[in-house]
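K.L.:
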Amino acid sequence: MYLLAYACDNEAWTSRLVSVWLQLAAAHSIVKFLPGFKGPLPFHLETGYVGLDEAEDVQLFYYFIKSQRNSKDDPLLLWLTGGPGCSAFCGLVFEIGPISFEVKEYNGSLPTLVLNPYSWTQVSSILFLDLPVGTGFSYARTPLALQRSDFKQVSHAEQFLRKWLMDHQEFLANPIYIAGDSYSCKIVPVIVQNISNGNNDGIEPLLNVKALIRYSSITYNAECLKNVDAFDKCISDIEDSHILERKCPSDAPRLIETLGKRRYLRENPQELLHSKPDLPTIGCRTYGHVLVTYWANDDNVHKAHLDSYNIN
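Be aware that the sequence shown starts at 28, since it is given in the working numbering, and climbs by one per residue.
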């Protein structure tokens with residue numbers, strides 16, 4: 028039985044088949060230890076599933092981390108990673124979460140997790156959500172439920188948040204912020220609008236949404252895209268994440284770009300199947316993205332998901 032997990036950088040993602048056993052005995056569970064992290068976690072981490080739609084054929088997986096300051100009053104942030112199809116785990120360990128990978132050359136052992144001193148969980152509680160369905164550990168029970176679109180993402184995000192808060196009513200009064208990066212910036216404003224409409228229609232629980240946050244958003248405006256392309260050419264030899272660092276390749280082969288250069292799938296298939304991706308090396312800012320692949324496919328990580336139920 029297999030589940031699709033993802034490793035991703037700012038815009039590219041690559042899927043890996045990971046065989047895992049998932050704990051479904053309860054809707055959620057408290058995680059006190061993580062493989063690769065020394066000792067118990069010094070923050071509250073909860074993981075679980077929320078079933079959506081009438082038959083609950085859509086099962087969305089989340090990571091929830093309480094604010095390390097004052098979870099009773101601090102904001103609650105719903106974070107959506109881009110793609111579409113990048114796991115929320117990317118946001119947790121590469122962007123705003125309390126842990127990250129220790130960047131050292133892979134030696135065959137389990138990569139090490141360390142604390143991130145710049146985590147947003149120092150001032151807010153964060154829900155990292157695997158959305159759309161089929162992303163990360165989120166899954167569907169039927170082929171029909173696996174169908175995806177931007178409108179379904181919006182509906183699923185709103186359903187998820189209302190159902191999750193029904194089970195975590197201590198956060199109902201907290202100010203809520205809907206946030207996302209890259210592709211998710213496209214749907215974040217619509218999610219906020221849907222929630223506002225639902226509140227006005229009296230759908231409970233009422234959500235105390237204060238604002239939206241969009242990070243590294245993308246544009247589909249033709250004139251803007253031309254200007255962005257021109258700018259990209261000007262900085263093509265510069266490491267855009269830090270201009271004083273050496274230029275590094277992406278952490279994942281840009282499969283979509285590769286396919287886009289061919290007229291049909293049968294053209295030069297050997298080149299696609301046997302070409303070795305140009306991955307970042309030690310010293311690159313994105314080398315941690317390489318480590319996540321080894322970490323996610325380690326047997327100890329699989330065992331951390333426990334129990335005898337598995338996903339087809």
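By construction, the Cβ of each residue, glycine as well, lies at the ideal position given by its N, Cα and C atoms.
Mind checking who residue 112 pairs with in its DSSP beta bridge?
P.N.:
Residue 112 is not bridged to any residue.
K.L.:
Assuming residue 123 and residue 106 make a contact with CB atoms under 8 angstroms, what is their CB distance in whole Å?
P.N.:
Yes, residue 123 and residue 106 are in contact; Cβ-Cβ is about 7 angstroms, under 8 angstroms.
K.L.:
Excluding sequence positions up to five away, which residues of its chain have a Cβ less than 8 angstroms from the Cβ of residue 196?
P.N.:
Taken in chain order, the residues that qualify are 232.
K.L.:
What does the Cβ neighbour count give for residue 174, buried or exposed, with the cut at 16 atoms within 10 Å?
P.N.:
By the neighbour-count rule (16 or more Cβ atoms within 10 Å), residue 174 is not buried but exposed.
K.L.:
Go ahead and label residue 185 buried or exposed: buried means 16 or more other beta carbons lie within 10 angstroms of its beta carbon, across all protein chains shown.
P.N.:
Buried, by the Cβ-count rule.
K.L.:
Measure how close the beta-carbons of residue 222 and residue 102 come, nearest whole angstrom, since I'm counting them as under 8 angstroms.
P.N.:
At roughly 15 angstroms, the Cβ-Cβ gap does not stay under 8 angstroms, so residue 222 and residue 102 are not in contact.
K.L.:
Could you spell out where the alpha helix (DSSP H) holding residue 191 opens and where it closes?
P.N.:
Here the alpha helix (DSSP H) through residue 191 covers 177-194.
K.L.:
Can the beta-carbon of residue 163 be found less than 9 angstroms from the beta-carbon of residue 116?
P.N.:
Yes.
K.L.:
Please state whether the Cβ-Cβ distance between residue 88 and residue 165 is less than 9 angstroms.
P.N.:
Yes; because the gap between Cβ atoms is below 9 angstroms, this pair is in contact.
K.L.:
Sort 90, 58, 152 and 142 by Cα distance to residue 96 and report the nearest one.
P.N.:
Minimum Cα distance to residue 96 is reached at 152.
K.L.:
Rounded C-beta distance between residue 98 and residue 150? I'm assuming under 8 angstroms.
P.N.:
With a Cβ gap of about 11 angstroms, residue 98 and residue 150 do not count as contacting.
K.L.:
Report the residue from 68, 69 and 130 whose alpha carbon sits nearest the alpha carbon of residue 321.
P.N.:
Closest by alpha carbon: 130.
K.L.:
Report the option in 317, 112 and 215 whose CA atom is closest to the CA atom of residue 104.
P.N.:
It is 215.
K.L.:
Tell me the residue span of the alpha helix (DSSP H) that contains residue 165.
P.N.:
Taken as a continuous stretch (DSSP letters only), residue 165 belongs to no alpha helix (DSSP H), as it is neither H nor E.
K.L.:
Look at the Cβ atom of residue 112, then the Cβ atom of residue 155, and state whether they are nearer than 9 angstroms.
P.N.:
It is not a contact, given that the beta carbons lie outside the stated cut-off.
K.L.:
Rounded to whole angstroms, what is the Cα-Cα separation between residue 169 and residue 84?
P.N.:
Distance between the alpha carbons of residue 169 and residue 84: 7 angstroms.
K.L.:
Express the C-alpha separation of residue 140 and residue 65 in angstroms, rounding to a whole number.
P.N.:
Using only the alpha carbons, I get a separation of about 8 angstroms.
K.L.:
Within 8 angstroms: the Cβ of residue 163 and any heavy atom of the ligand FMN?
P.N.:
Of the ligands one can find in the structure shown there are none, so the ligand FMN has no counterpart to examine.
K.L.:
For residue 156, name the three-state secondary structure that DSSP assigns.
P.N.:
Residue state, collapsed to three classes: strand.
K.L.:
Following the continuous alpha helix (DSSP H) through residue 223, name the residue where it begins and the one where it ends.
P.N.:
Note, residue 223: alpha helix (DSSP H), 215-227.
K.L.:
Just curious, the beta strand (DSSP E) that residue 207 is in, first and last residue?
P.N.:
Element bounds for residue 207: 203-208.
K.L.:
In angstroms, rounded to a whole number, what distance separates the CA positions of residue 48 and residue 328?
P.N.:
Confidence at residue 48 is low in this model, with a pLDDT of 26, below 50, so its placement is unreliable and no value can be given for it.
K.L.:
Going by Cα to Cα distance, which pick from 192, 240, 190 and 230 is closest to residue 210?
P.N.:
Considering only alpha carbons, the answer is 240.
K.L.:
Can you list, in chain order, the residues of its chain whose CB lies under 6 angstroms from that of residue 27, leaving out five sequence neighbours each side?
P.N.:
As shown, the chain starts at 28 and ends at 339. That puts residue 27 outside it, with no answer to give.
K.L.:
Tell whether a beta-carbon distance below 9 angstroms holds between residue 79 and residue 68.
P.N.:
No, they are not a contact pair.
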